[in-house]
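Structure record follows, encoded as structure tokens.
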Amino acid sequence: MYQIIKKPLITEKSSAYGEYNTYVFEVDKEASKDQIKTAIEKAFSVKVADVRTAVFRTRWLKQHAKFGPPKYKKKAYIKLAPGQTISIFEGA
């Protein structure tokens, strides 16, 4: 079985979503919304209200004189139930 949650995305834009009780994670490309929801609920012991996903493209790879195609990644916007928080985002 693969890991569903890869890492939290802590950027200026994603930290602004904290006002709306929404957190952003990079997740596996093959994971469905239901799998993401159960993984977040088990990992952080919170109640998830909504999951939105987006597939985005990274930059072109440039190494010496060779260029490579961009990679595609998936991020999930996790909205928690009222009163719920995830502690790893508190210091951001």
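This note's numbering applies: residue 2 is where the sequence shown begins, and numbers increase by one. Note that beta-carbon positions come from the ideal geometry of N, C-alpha and C, so glycine has one too. Note that the structure is predicted; figures quoted are calculated from it, not measured.
**Q.** Pair within 9 Å by beta-carbon distance, K48 and L81
**A.** yes
Q. Between F5 and A32, what straight-line distance do the alpha-carbon atoms span, to the nearest angstrom?
A. With the sequence shown as reference, residue 5 is identified as Ile, and Phe is not the correct amino acid for it. Going from the Cα of I5 to the Cα of A32 covers about 6 Å.
Q) At what residues does the beta strand (DSSP E) containing K72 begin and finish? A) First-last for K72: undefined, no H or E at that position.
Q. Between F68 and Y24, is the Cβ-Cβ spacing less than 9 Å?
A. no
Q: Starting from F45, follow the beta strand (DSSP E) in both directions and report where the run begins and ends.
A: Under the DSSP assignment, F45 falls outside any beta strand (DSSP E), being part of the alpha helix (DSSP H) whose first and last residues are K34 to F45.
**Q.** Three-state secondary structure assigned by DSSP to E20
**A.** helix
Q) Is the distance from the Cβ of V52 to the Cβ of Y78 below 9 Å? A) One thing to note: V52 has its Cβ within 9 Å of the Cβ of Y78.
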